[in-house]
Amino acid sequence: MAENEYLVQVRQLKKHFPVTKGIFQTKAGAVKAVDGISFEISRGETLGLVGESGCGKTTAGRTILGLYQPTNGEVSIDGMNICQAKPKEMLEIRRKATMIFQDPFASLNPRWTVNSIISEPLKVHKIYKTEKERTERVFELLNLVGLNGRLYNRFPHEFSGGQRQRIGIARALASNPSFIVCDEPISALDVSIQAQVVNLLEELQDKFSLTYLFIAHDLSMVRHICDRVAVMYLGVIVEMGDRNEVYENPYHPYSQALLSAVPIPDPKKDRERKRIILMGDVPSPINPPSGCRFHPRCPNAKPQCSEDTPEWREISDKHWVACHQV
Amino acid sequence: MMVASSKNKLIEISDLMTRFHTPEGTVYAVNGISYNLDVAETLAVVGESGCGKSVSMLSILGLIPTPPGEIAGGTAFYKGNDLLKMNDIDLEHIRGKEIAMIFQDPMTSLNPVLTIGKQITEAIRIHCNLDKNKANKRAIELLEWVGIPDAKNRLGDYPHQFSGGMRQRVMIAMALSCEPSLLIADEPTTALDVTIQAQIVELVKRLREQLGMAIIWITHDLGVVAGLADRVIVMYAGYIVEEAKVDDIYEHPLHPYTIALLNALPRVDRRRENRLKSIPGAPPNLLVEPHGCPFAPRCEFVTNQCRTENPKLVSINDQHRVACWVNILERGNDNGRE
Numbered sequence: 007m008a009e010n011e012y013l014v015q016v017r018q019l020k021k022h023f024p025v026t027k028g029i030f031q032t033k034a035g036a037v038k039a040v041d042g043i044s045f046e047i048s049r050g051e052t053l054g055l056v057g058e059s060g061c062g063k064t065t066a067g068r069t070i071l072g073l074y075q076p077t078n079g080e081v082s083i084d085g086m087n088i089c090q091a092k093p094k095e096m097l098e099i100r101r102k103a104t105m106i107f108q109d110p111f112a113s114l115n116p117r118w119t120v121n122s123i124i125s126e127p128l129k130v131h132k133i134y135k136t137e138k139e140r141t142e143r144v145f146e147l148l149n150l151v152g153l154n155g156r157l158y159n160r161f162p163h164e165f166s167g168g169q170r171q172r173i174g175i176a177r178a179l180a181s182n183p184s185f186i187v188c189d190e191p192i193s194a195l196d197v198s199i200q201a202q203v204v205n206l207l208e209e210l211q212d213k214f215s216l217t218y219l220f221i222a223h224d225l226s227m228v229r230h231i232c233d234r235v236a237v238m239y240l241g242v243i244v245e246m247g248d249r250n251e252v253y254e255n256p257y258h259p260y261s262q263a264l265l266s267a268v269p270i271p272d273p274k275k276d277r278e279r280k281r282i283i284l285m286g287d288v289p290s291p292i293n294p295p296s297g298c299r300f301h302p303r304c305p306n307a308k309p310q311c312s313e314d315t316p317e318w319r320e321i322s323d324k325h326w327v328a329c330h331q332v
Numbered sequence: 010m011m012v013a014s015s016k017n018k019l020i021e022i023s024d025l026m027t028r029f030h031t032p033e034g035t036v037y038a039v040n041g042i043s044y045n046l047d048v049a050e051t052l053a054v055v056g057e058s059g060c061g062k063s064v065s066m067l068s069i070l071g072l073i074p075t076p077p078g079e080i081a082g083g084t085a086f087y088k089g090n091d092l093l094k095m096n097d098i099d100l101e102h103i104r105g106k107e108i109a110m111i112f113q114d115p116m117t118s119l120n121p122v123l124t125i126g127k128q129i130t131e132a133i134r135i136h137c138n139l140d141k142n143k144a145n146k147r148a149i150e151l152l153e154w155v156g157i158p159d160a161k162n163r164l165g166d167y168p169h170q171f172s173g174g175m176r177q178r179v180m181i182a183m184a185l186s187c188e189p190s191l192l193i194a195d196e197p198t199t200a201l202d203v204t205i206q207a208q209i210v211e212l213v214k215r216l217r218e219q220l221g222m223a224i225i226w227i228t229h230d231l232g233v234v235a236g237l238a239d240r241v242i243v244m245y246a247g248y249i250v251e252e253a254k255v256d257d258i259y260e261h262p263l264h265p266y267t268i269a270l271l272n273a274l275p276r277v278d279r280r281r282e283n284r285l286k287s288i289p290g291a292p293p294n295l296l297v298e299p300h301g302c303p304f305a306p307r308c309e310f311v312t313n314q315c316r317t318e319n320p321k322l323v324s325i326n327d328q329h330r331v332a333c334w335v336n337i338l339e340r341g342n343d344n345g346r347e
């Protein structure tokens, strides 16, 4: 395939956080938050990254943007390798790839006006020369995300959760990026506001041909918004494919369990449904289980599963899975 | 199915009104809600943040700090006694013993510096008059019952040594220690992952059958309650806007808010067709004294009457109540829901 069909390429990406002990901070181990993930995202595509809390999906998103230095592996965004980028290149990557955060209350500085929040990336990237031009752009951005441009001099506390998330989106859009990592952008919002924000993200994607990495634990919303889905468990991707393919024919026992646990707002269907209830909790990523990481909770585990790491195989067209039993 | 008769009523709430007097003005949190709960029935109270679903529960248990809170009116009969008129000592005998409550965040509702064993036995010793050894035995029994492995050795552990799902199990064990006739669950699975949520829902279903207790399950998630509740109440801005049997509310929702909420939810079991139908605007400011239908500013069927007069909750049939001026029956089942 042509090199630049993919906007984002991630190869064997690892991020380990050291665990230290004692007053000399000797290394006692590592939290293997992301332990070798690979995927590509095409231009204009939305890839969903799902998994339970602690599976490493947020760390993956942050490492891809170079907010954490990767332990190993490669990430390239629009042909630029973030691991070897010089400061100048890194600045260009930061302009092209931005992020929307989960908590609209914590991700905006309470002492800054909306104007200074949104114009910060414009200043950093020296996109406009004068204050006036910047303010005009802030106006334009606020209108774009469905807020009144005249509110540019207000402070974050004067806005509701949904409005604040719109401010966060405007900030992410300010530098004309081509790639946005959306880290649980709707999970802190009320149901009626979630749909508004998701629709806004989709409108913006159409308008500016944006590429999204959509990190979420709400599997219903991921099916709605994403073209492809990757399911993560304990730092690795266990299944990846087209959304309808993964949701209708999940192969990995973890994906099956995860999907069967999602409640359906339809009492009759919900009663008839067969739930796979997983036992126990996610194990510690400091000492992940040997072989297949899911084997201690897997209903179909065989002796082989605790010994060998399952191979990442293409089971049908563009549907990848890592499981011995499939 | 329970037959509706006043003999079976465990709780009868009428015209409950709760306000908070704050420096910014009066917050109209709960504005005259009425409903009943049968023995061993599971009722889901659904609504977005700030709709008064938690405050209404805290009000009937006398857990609203006054001031700034004020129970401005109403009655709440539990087995024939008005909880709102009861003194603290009588209320102590009901709270935690006959009516137990579990909360959203199992980390903040457990004391981090006391062991799990200490916290569970406290409730048992107060309400059941057991000595220390018997209380410990009972605590182990309870922890095993809610599915905590190796319960005996975990009594000495602190809350931080448990995972989120396990902490919620501990909370449930504490709530069930006196075998209550009513369990109020305030968003008990919101802070948990879906797989853990499924575990907790299954656990509550099992315990409900074993104990024959009634449950009020407060949530913002219409998905969770579909498989759990017998009856659903939808709240908006301190009012009940719709109440129906669980199948009815999902198949024939009548209030525009309920319809809009259901339409705004993506479905895990369906292919995507269109954009989501979002509800425009934001929930109302509760500092303003309500007049007119609270949902009117966001409603797509709004009429002039809606803006000036608040509709009463009226019965469509004996199981379905709705508060809306628009003649919904006329619109029949063509209410925008696929």
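Going line by line, the protein sequences match chains Y and S. For the first sequence, this note's numbering gives the first residue as 7, with consecutive numbering after it. For the second sequence, this note's numbering gives the first residue as 10, with consecutive numbering after it. Glycine is no exception: its CB is placed at the ideal position from the N, C-alpha and C atoms. As the structure is a prediction and not an experimental result, all values here were calculated from the model.
Chain Y contact for residue i (CB, 7 Å cutoff)
| i | result |
| --- | --- |
| Arg346 (chain S) | In this predicted model, Arg346 (chain S) has a pLDDT of only 43, less than 50, meaning its place in the structure is not dependable enough to derive any value. |
| Leu291 (chain S) | The displayed chain sequence assigns Ala, not Leu, to residue 291 (chain S). Output row for Ala291 (chain S): interface = yes. |
| Met10 (chain S) | Confidence at Met10 (chain S) is low in this model, with a pLDDT of 38, below 50, so the placement of that residue is unreliable and no value is reported for it. |
| Asn342 (chain S) | No answer about Asn342 (chain S) holds up, because its pLDDT of 46 lies below 50 and its placement is not dependable. |
Min CB distance residue i to chain S below 7 Å
| i | result |
| --- | --- |
| Asp276 (chain Y) | yes |
| Ala8 (chain Y) | Because Ala8 (chain Y) carries a pLDDT of 47, less than 50, the predicted location of this residue cannot be relied on, and the following value inherits that uncertainty. Output row for Ala8 (chain Y): interface = no. |
| Asp196 (chain Y) | yes |
| Pro302 (chain Y) | no |
| Leu147 (chain Y) | no |
| Asn250 (chain Y) | yes |
| Leu284 (chain Y) | yes |
Identity of the residue in the options nearest residue i by Cα
| i | options | result |
| --- | --- | --- |
| Asp287 (chain Y) | S:Gln208, S:Ile227 and S:Lys62 | S:Gln208 |
| Gly156 (chain S) | S:Ile325, S:Gln113, S:Gly89 and S:Val213 | S:Val213 |
| Ala1 (chain Y) | Y:Lys102, Y:Tyr253 and Y:Ser290 | Nothing in the structure corresponds to residue 1 (chain Y), since chain Y is present only between 7 and 332. |
| Ser23 (chain S) | S:Pro289, S:Ala273, S:Ala235 and S:Tyr248 | S:Tyr248 |
| Ala194 (chain S) | S:Asn162, S:Thr204 and S:Leu237 | S:Leu237 |
| Glu211 (chain S) | Y:Val244, Y:Phe185, Y:Ser193 and Y:Asp276 | Y:Asp276 |
| Leu270 (chain S) | S:Lys254, S:Glu309 and S:Asp239 | S:Glu309 |
| Leu263 (chain S) | S:Val335, S:Pro275 and S:Thr312 | S:Val335 |
| Asn319 (chain S) | S:Gln113, S:Tyr245, S:Glu21 and S:Ile181 | S:Tyr245 |
| Cys137 (chain S) | S:Tyr259, S:Leu220, S:Asn17 and S:Cys187 | S:Cys187 |
| Ser48 (chain Y) | Y:Glu278, Y:Leu219 and Y:Lys92 | Y:Leu219 |
| Gly165 (chain S) | S:Asp202, S:Ile125, S:Lys141 and S:Thr204 | S:Ile125 |
| Cys60 (chain S) | S:Phe304, S:Asp202 and S:Pro168 | S:Phe304 |
| Gly42 (chain Y) | Y:Cys61, Y:Arg17 and Y:Gly54 | Y:Arg17 |
Chain-ordered chain Y contacts of residue i [CB-CB under 8 Å]
| i | result |
| --- | --- |
| Gly174 (chain S) | Asp287 |
| Phe33 (chain S) | Per the sequence shown, the amino acid found at residue 33 (chain S) is Glu instead of Phe. Within 8 Å Cβ-Cβ: nothing; Glu33 (chain S) doesn't reach chain Y, min ~13 Å. |
Interface partners of residue i on chain S, CB under 8 Å
| i | result |
| --- | --- |
| His131 (chain Y) | In chain order: nothing, as chain S lies at least about 32 Å away. |
| Ser226 (chain Y) | Gly232, Leu274, Pro275, Arg276 and Val277 |
| Ser322 (chain Y) | Correct list: empty, because the minimum Cβ distance to chain S is about 18 Å. |
| Tyr239 (chain Y) | Here the premise fails: no neighbours, minimum Cβ distance about 11 Å. |
Neighbour list for residue i in chain S, Cβ cutoff strictly below 7 Å
| i | result |
| --- | --- |
| Ser59 (chain Y) | Asp202 |
| Arg281 (chain Y) | Ala207 |
| His230 (chain Y) | Pro275, Arg281 and Leu285 |
| Tyr134 (chain Y) | Neighbours of Tyr134 (chain Y) on chain S: none; closest Cβ ~32 Å, over 7 Å. |
Proximal residues of chain Y, C-beta to C-beta of residue i below 9 Å
| i | result |
| --- | --- |
| Glu57 (chain S) | Asp196, Val197, Ser198 and Ile199 |
| Asp256 (chain S) | Pro273 and Lys274 |
Contact set between residue i and chain Y, taken where Cβ atoms lie within less than 7 Å
| i | result |
| --- | --- |
| Tyr259 (chain S) | Pro271, Asp272 and Pro273 |
Chain C within 7 Å of residue i, Cβ atoms only
| i | result |
| --- | --- |
| Asn159 (chain Y) | Within the model displayed, chain C is absent; protein chains Y and S are what it includes. |
Chain-ordered chain S contacts of residue i [CB-CB under 9 Å]
| i | result |
| --- | --- |
| Tyr12 (chain Y) | The premise fails here: Tyr12 (chain Y) is roughly 23 Å from chain S at the closest Cβ pair, so nothing lies under 9 Å. |
Next on the checklist: Would the region 34-47 of chain S count as touching the region 63-71 of chain S if we require 3 or more Cβ pairs under 8 Å?
Outcome noted: yes
Checklist entry - the region 262-288 of chain S: which residues have C-beta closer than 9 Å to a C-beta of chain Y, in chain order? => result Tyr266, Ala269, Leu270, Leu271, Asn272, Ala273, Leu274, Pro275, Arg276, Val277, Asp278, Arg279, Arg280, Arg281, Arg284, Leu285, Lys286, Ser287 and Ile288
Item to check | Residues in the region 204-238 of chain S having any Cβ partner in chain Y nearer than 9 Å | outcome: Thr204, Ile205, Gln206, Ala207, Gln208, Val210, Glu211, His229, Asp230, Leu231, Gly232, Val233, Val234, Ala235, Gly236, Leu237 and Ala238
Checklist entry - Are at least three pairs of beta-carbons, each pair with one atom in the region 220-240 of chain Y and one in the region 248-263 of chain Y, less than 8 Å apart? => result Taking a contact to require three or more Cβ pairs closer than 8 Å, the region 220-240 of chain Y and the region 248-263 of chain Y qualify as touching.
Next on the checklist: Give me the subset of the region 199-224 of chain Y whose CB atoms are less than 8 Å from a CB atom of chain S, sorted by chain position.
Outcome noted: Ile199, Gln200, Ala201, Gln202, Val204, Asn205, Glu208 and His223
Checklist entry - What residues in the region 255-272 of chain Y have a beta carbon less than 7 Å from any beta carbon of chain S? => result Near chain S, meaning a CB-to-CB distance below 7 Å, the residues of the region 255-272 of chain Y are Ala263, Leu264, Leu265, Ala267, Val268, Pro269, Ile270, Pro271 and Asp272.
Checklist entry - Can we say the region 220-238 of chain S touches the region 45-55 of chain S, given the rule of at least three CB pairs closer than 8 Å? => result yes
Next on the checklist: Does the region 174-190 of chain Y come into contact with the region 67-85 of chain Y, if we say contact requires no fewer than three beta-carbon pairs (one atom in each stretch) closer than 8 Å?
Outcome noted: With a cut-off of 8 Å on Cβ pairs, the region 174-190 of chain Y is in contact with the region 67-85 of chain Y, counting three or more such pairs.
Checklist entry - Are the region 308-327 of chain Y and the region 252-265 of chain Y touching, with three or more C-beta to C-beta distances below 8 Å? => result With the cut-off at 8 Å, the region 308-327 of chain Y and the region 252-265 of chain Y touch.
Checklist entry - Of the residues that make up the region 167-179 of chain Y, which ones have a beta carbon closer than 9 Å to any beta carbon in chain S? => result Hits within the stretch, in order: Gly167, Gly168 and Gln169.
Item to check | Cβ pair count under 8 Å reaching 3, the region 145-165 of chain S against the region 123-130 of chain S | outcome: yes
Checklist entry - Do the region 283-302 of chain S and the region 73-88 of chain S touch if we need at least three Cβ pairs shorter than 8 Å? => result no
Checklist entry - If you pair each beta-carbon of the region 252-266 of chain S with each one of the region 212-228 of chain Y, do three or more pairs fall below 8 Å? => result No, the region 252-266 of chain S does not touch the region 212-228 of chain Y.
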